[in-house]
Structures are given as structure tokens and as C-alpha cells.
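To start, the structure under review is shown below, and the notes come after it.
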Amino acid sequence: MDYLVEAFRAAFDLIVALDADLVEIVGLSLRVSLSAVLIAAAIGLPLGAAVALFDFPGRSAVIVTLNALMGLPPVVVGLIVYLFLSRAGPLGVLGLLFTPTAMIVAQVILVLPIVAALARQAIEDLWAEYREQLVSLGAGPLRAIPTLLWDARATLVTALLAGFGRASAEVGAVMIVGGNIDHVTRVMTTTIALETSKGDLALALGLGIVLLLLTFAINGAAEGVRRFARARMA
Amino acid sequence: MRKFLAVAVAAVLASAAVAGPALAEDKFITVASTTSTKNSGLLDVLLPKFQDETGIEVRVVAVGTGKALQQARDGDADVLLVHAKAREEAFVAEGWGVERFDVMYNDFVVVGPADDPAGVGGMTDATAALSKIAEAEAPFASRGDDSGTHTKERNLWKAAGVDVASASGTWYRETGSGMGATLNTGIGMGAYVLSDRATWISFANKGDFQVLVEGDPQLFNQYGVILVNPDRHPHVKAELGQTFIDWLIGAEGQRLIADYTLNGQQLFFPNAKKGQS
Numbered sequence: 088m089d090y091l092v093e094a095f096r097a098a099f100d101l102i103v104a105l106d107a108d109l110v111e112i113v114g115l116s117l118r119v120s121l122s123a124v125l126i127a128a129a130i131g132l133p134l135g136a137a138v139a140l141f142d143f144p145g146r147s148a149v150i151v152t153l154n155a156l157m158g159l160p161p162v163v164v165g166l167i168v169y170l171f172l173s174r175a176g177p178l179g180v181l182g183l184l185f186t187p188t189a190m191i192v193a194q195v196i197l198v199l200p201i202v203a204a205l206a207r208q209a210i211e212d213l214w215a216e217y218r219e220q221l222v223s224l225g226a227g228p229l230r231a232i233p234t235l236l237w238d239a240r241a242t243l244v245t246a247l248l249a250g251f252g253r254a255s256a257e258v259g260a261v262m263i264v265g266g267n268i269d270h271v272t273r274v275m276t277t278t279i280a281l282e283t284s285k286g287d288l289a290l291a292l293g294l295g296i297v298l299l300l301l302t303f304a305i306n307g308a309a310e311g312v313r314r315f316a317r318a319r320m321a
Numbered sequence: 011m012r013k014f015l016a017v018a019v020a021a022v023l024a025s026a027a028v029a030g031p032a033l034a035e036d037k038f039i040t041v042a043s044t045t046s047t048k049n050s051g052l053l054d055v056l057l058p059k060f061q062d063e064t065g066i067e068v069r070v071v072a073v074g075t076g077k078a079l080q081q082a083r084d085g086d087a088d089v090l091l092v093h094a095k096a097r098e099e100a101f102v103a104e105g106w107g108v109e110r111f112d113v114m115y116n117d118f119v120v121v122g123p124a125d126d127p128a129g130v131g132g133m134t135d136a137t138a139a140l141s142k143i144a145e146a147e148a149p150f151a152s153r154g155d156d157s158g159t160h161t162k163e164r165n166l167w168k169a170a171g172v173d174v175a176s177a178s179g180t181w182y183r184e185t186g187s188g189m190g191a192t193l194n195t196g197i198g199m200g201a202y203v204l205s206d207r208a209t210w211i212s213f214a215n216k217g218d219f220q221v222l223v224e225g226d227p228q229l230f231n232q233y234g235v236i237l238v239n240p241d242r243h244p245h246v247k248a249e250l251g252q253t254f255i256d257w258l259i260g261a262e263g264q265r266l267i268a269d270y271t272l273n274g275q276q277l278f279f280p281n282a283k284k285g286q287s
């Protein structure tokens, strides 16, 4: 029980003092995870829509693969990215290991299947509903993609939030490819793991509370945007 | 939708631009080191001083010694600062490192619960103490992660003639994680743990655990520093790395190591040989 009280005090102190290290760590967490979600969205939304609308050989296999990859273990993704970016690996010359870029790459791989798979399902459902209407207006599947993505935006925002949740909450991948280097690749989750390993459980839990608050703030903001968009439509 | 895509692409480019400058910084070295040097807070004192004097940023990746050696062998570090002398010497002998220098030492201790079920409190013979723990089949939490501490522990069990592999999962429990995580686990289940003294002193979640066995020369814990061989990995920042090593084993680095205390206790004892560089 003492831990909880101490944890809330630690979280409160960190926020009130606007601790410089905390601001830096939170900033890097947001930069890495939001970049990963944006890149995953730029690739995953059109990809999901394309899989939903076009018939091609092996389509079922692609759908099963996308769905299955939603369960990729972060530590495995971290390990694979590590092996590729290591100086001994095929992309070693880039010197990207232990940089924020490496962390973004790993998180894109984690988030992309979630965004693509959920977008695929949402677009497929909409397409079933509006197909005749859109086709009668002369819109083939390709021309229908932007319309369908726009109409499914509420669901897609939820898909992006799920992706962001995945990215901001994982520790396995960023720990391995980032190395948890102070002031360079240290993010919220790796800091929590570090403080736990130092036995400073109250501070670790306090940081966990800060991370939760941040997640709430982002989801609240997304809900606000969604309401605003809906109100404008009505 | 097109607008959305345009915004998304712009945002991605912007984030890449933000990530860019961080990569352009060139005056830094990567040091593969162990959790004990990092978690004890020693590096937080040493590295800023070094950076002030030389302008070289030191990026530390703190992992177990086994992982650190592998990382250096793969060329993902410029300098190695670890504590498993025999393996470090093998690393240099195989040509992966240039030369190994002694930096400092501390010692290992066996910590355990206050009620001490195996009755090892106050013993100064580590091998005998471990034999006693094995006889009592009292829980013992091992790092189990191929780290320097784990290497030392395995050697002690071997000396005690105890086959821990067959006991793994019963009273002998391998956590497969770092020193702090293993201490958390050991304290959670009342198991004895072999820890380096620095991590133990700085550890914040001790519960009712105490140091029970200490003072055995076998528990000596020597740290060494090695420059990764640029002949094997041409991208290694040999000059900057050597500057760091010279500083660490020189007068300034050694003095700072000796001066570093936590809770009034000195954590590391500098013992670089004079004129060894």
C-alpha cells in the first residue's frame, strides 16, 4: 500500500516540478511512437483498403497474415531489427543501431499490421454496403478508396489509437534496438524498466502513472477531434 | 483523403528531419558496459566530467557482460567496460580487442533473508557457504544471464562441487535477468542472491535482506576496459575511445572513482596500474 501512496507522490512531484529529464523522456517517447504511427498509417491505410477492395490470388493468405502479425511479440521484432542494424548485419553500414530512428523502425513493424488489418476490415464492411451506389456513380474500387477511407475515418482513428497504444506501451523492442541510452534513446517504458531494476519501485510506478495520464490525454484529444469532425458533418 | 495523406507525409518528413540532427552528432562513443556500473550511479558522475573536459559524449549501453562482449564483437560498441577477466582476456587474444586495462574493483557478496534458513550468516568462505545453501536446499536466485556476476557464481558452484543445473527450477532459480531484477525476485521469494556490492548498496528495495557472506578473496570483482579493435571493425572510433580509456585509467578518472560514495560507502576501488597506458 505504501508503494501506491509513494508512487502517486512521485508522479505528482515529477509533473509539478516539470522535471527536465522527464520532459525529455516523454518528448522522445511521443516523437518515436507518433512517428511510428504516422508512417504505419501512411502505408497501412492504403494497404488495408487495397486488400479490402481488390480480388487477387492469395488474398485470404494476406488477410490471415495481416491478422496474425497483429500478435507479433515486440521482443522478437526488436531482435530482428537489431540483427539487421547491427554492424555485423546487412544494414550495419547505416550505423542506425541505438538511435531513435532504429526505435521508430521497430515500432512501425509492430504498428503496421494493426493499422492495416483493422483498416481492411472497416473498408471491406463499408464497401459491401456502398458498392452498388459507388459503382453506379462510375467509381471503381481504385477511385472509391479515398471516399471509403474518409467515410470510415471514425473507425480508422480507433485503429490508429490501437496502434499508438501498442507502440507507446511496448518495452521489448525499444530496449533492444535503442539500448536505453540516457539522453539519446531513453523512453518512458525503458525508464520504468530501469527504475524497477534499481529497486526504486515507487519512482517506477510513478513514471507508469505519468505514462497512463499521457495515454489518456492523447485518447481524449482524439475523441475531441472525432466529435468535432462529426459535428461538422451533421 | 489526399489532404490527409499529404499531411501524413509531411509529418513523417518533419519527424525524420527532427531525427536527423541527432544522427549528425559525431563526437560520441558507444560503450558496452554492465548493469552494475550503470545502476550504481558511478557513470552518472564520471561521464559528464569526461564530456566537460574533452567534448566527447559517451553513450552507454548497459547489459550483461556476455551480451556486452557479443555487442563489441559485432562492432556495435567502441569501448568495452566489463568484469569477467578471463573472458576479457580471451576477447583480446582472439583479436577483437586492442588491449585490456585494469580499471577498478569491488567485491561480490551473498545477500539473503534475515532469518537465514541455511545459516550462512557471518561466513567468510563463499564456497562453503554455497555448499551449505545447497545442502539445505534453501532457495537461491541466480542471474542465469551469462553476465560477469553469473560467470563468477558458476565458478563458485563448481568449486563447491554442486551441480546446480540439475537443481534448476527447484531450490535453484535462474531469473535470466539483470542484477536489480534478480534482487527484486530473490527478495520477493526469500532466496539468497550473489550480488556485486555496488548494486547492493545502491539498491532501494532491500526488504529485510542483509549481507550474509563477504570477505572471501574469491569474491574479488575486477573491472577492465578494452578498446574494440579497429582492424576488425574500421568504423570503431579508436581515437575517441582511447581518449576515454586513458582518462579512465589516468589520475583524474581514478580519483573520481575513489571519491564516489553512496550512503557513506565507497563503491569501487580504483586499481589501474600506473603508466600502463
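Sequence lines, in order, name chains A and B. Numbers 88 to 321, taken from this note's numbering, label the letters of the first sequence in order. Numbers 11 to 287, taken from this note's numbering, label the letters of the second sequence in order. Yeah, the Cβ is synthetic: ideal placement off N, Cα and C, and Gly gets one too. Note that this is a predicted model, so its numbers are computed, not measured.
Could you run through the stretch 157-191 of chain B and flag, in chain order, every residue whose CB is less than 7 Å away from some CB of chain A? Taking 7 Å as the Cβ-Cβ cut-off against chain A, the residues of the stretch 157-191 of chain B that qualify are G188, G190 and A191.
Whole angstroms are fine: how far does the CA of V41(B) sit from the CA of R97(B)? Spanning the two alpha carbons is a distance of roughly 17 Å.
Rounded to whole angstroms, what's the CA-CA distance from L301(A) to G179(A)? Just pull it up for me. Roughly 34 Å separates the two Cα atoms.
Does the CB of L33(B) have a neighbour CB from chain A at under 9 Å? Because the pLDDT at L33(B) is just 43, under 50, the model does not fix this residue reliably, and the point stays unresolved.
Please name the residue or residues paired with G122(B) in a DSSP beta bridge. Answer by DSSP bridge pairing, in chain order: Q220(B).
Taking any Cβ of chain A, which residues in the stretch 200-229 of chain B have a Cβ under 9 Å from it, in chain order? Within the stretch 200-229 of chain B, the qualifying residues are T209, S212, F213, A214, N215 and K216.
For I236(B), write down the residues that DSSP places opposite it in a beta bridge. I236(B) pairs with L90(B) and R110(B).
Own chain, CB closer than 7 Å to E310(A), minus 5 neighbours either side, in chain order: If we look at E310(A) and ignore the five residues flanking it on each side, it has no Cβ neighbours.
Considering only the beta carbon of each residue, do N231(B) and F118(B) sit closer than 9 Å? For N231(B) and F118(B), yes; Cβs fall inside 9 Å.
Along chain B, in chain order, which residues have C-beta atoms closer than 8 Å to that of G131(A)? Neighbours of G131(A) on chain B: none; closest Cβ ~11 Å, over 8 Å.
Going by DSSP, what residue range makes up the beta strand (DSSP E) through F141(A)? For F141(A), there is no enclosing beta strand (DSSP E), as DSSP marks it with neither H nor E.
How long is the line joining the alpha carbons of P228(A) and I210(A), rounded to whole angstroms? Whole-angstrom Cα-Cα distance: 11 Å.
Using the three-state DSSP reduction, which class does I39(B) fall into: helix, strand or coil? For I39(B), the secondary structure class from DSSP, reduced to helix, strand or coil, is strand.
On the DSSP letters alone, give me the boundaries of the alpha helix (DSSP H) that D206(B) sits inside. Careful: D206(B) lies outside any alpha helix (DSSP H), inside the beta strand (DSSP E) at Y202 to D206.
So what's A151(B) in DSSP terms, helix, strand or just coil? In this structure, A151(B) counts as strand in the three-state DSSP scheme.
Could you give the residue range of the beta strand (DSSP E) that holds R69(B)? Looking at the DSSP string, the run of the beta strand (DSSP E) that includes R69(B) is E67 to A72.
Cβ atoms of A138(B) and A170(B): under 9 Å apart, would you say? Between A170(B) and A138(B), the gap from beta carbon to beta carbon is short of 9 Å.
How would you label S43(B), buried or exposed, when you count the other beta carbons within 10 angstroms and need 16 or more for buried? It counts as buried.
DSSP on N116(B), reduced to helix/strand/coil? In the structure shown, N116(B) adopts extended strand secondary structure according to DSSP, grouped into three states.
State the DSSP-derived secondary structure class of Y270(B), mapped to helix, strand or coil. Residue state for Y270(B) is assigned as coil, using DSSP reduced to three classes.
Residue range of the alpha helix (DSSP H) that includes R83(B): Under the DSSP assignment, R83(B) falls in the alpha helix (DSSP H) whose first and last residues are T75 to R83.
Looking only at its chain, what residues have a beta carbon closer than 7 Å to the beta carbon of L248(A), apart from the 5 residues adjacent to it on each side? Result list for L248(A): N306 and A309, in chain order.
Cβ separation of G266(A) and V71(B), assumed to be a contact under 8 Å, to the nearest whole Å: With a Cβ gap of about 4 Å, G266(A) and V71(B) count as contacting.
Which ranges would you report for the alpha helix (DSSP H) in the stretch 197-240 of chain A if only whole runs of at least 4 residues count? Secondary structure within the stretch 197-240 of chain A: the alpha helix (DSSP H) runs of 4 or more consecutive residues, fully enclosed, are 228-238 (chain order).
Note the first and the last residue of the continuous beta strand (DSSP E) segment covering E184(B). E184(B) -> beta strand (DSSP E) spans Y182 to E184.
Uninterrupted alpha helix (DSSP H) stretches inside the stretch 109-162 of chain A (no shorter than 4 residues): Taken in chain order, the complete alpha helix (DSSP H) segments of 4 residues or longer contained in the stretch 109-162 of chain A are 146-156.
Could you name the residues of the stretch 250-267 of chain A whose beta carbon sits closer than 8 Å to any beta carbon of chain B, in the order they occur along the chain? Flagged, chain order: G266 and N267.
Bounding residues of the alpha helix (DSSP H) (the contiguous stretch that carries P177(A)): From DSSP, P177(A) is part of no alpha helix (DSSP H); its letter is neither H nor E.
Rounded to the nearest angstrom, what separates S173(A) and Q194(A) at their Cα positions? Distance between the alpha carbons of S173(A) and Q194(A) is about 17 Å.
Return helix, strand or coil for N306(A), following the three-state DSSP convention. Three-state result, N306(A): helix.
Under 8 Å from the C-beta of L184(A): neighbouring residues of chain B: For L184(A), the C-beta contacts it makes with chain B under 8 Å involve D86, in order along the chain.
Taking A94(B) as the reference, give the member of D88(B), N194(B) and A78(B) with the closest Cα. Looking at the Cα atoms, A78(B) is the closest of the given residues.
Does the distance from the C-beta atom of F279(B) to that of V121(B) stay below 9 Å? No, these two residues do not count as a Cβ contact at 9 Å.
Best match in S50(B), T192(B), W210(B) and Y115(B) for proximity to V235(B) [C-alpha to C-alpha]: It is Y115(B) whose Cα lies nearest to the Cα of V235(B).
Beta-carbon contacts of K37(B) that lie in its chain and below 8 Å, excluding the five residues immediately before and after: For K37(B), where only same-chain residues beyond five positions count, the Cβ hits under 8 Å are G65, I66, E67 and L250.
Using a Cβ cut-off of 9 Å (strictly closer), state whether A175(A) contacts chain B. So yes, A175(A) belongs to the interface.
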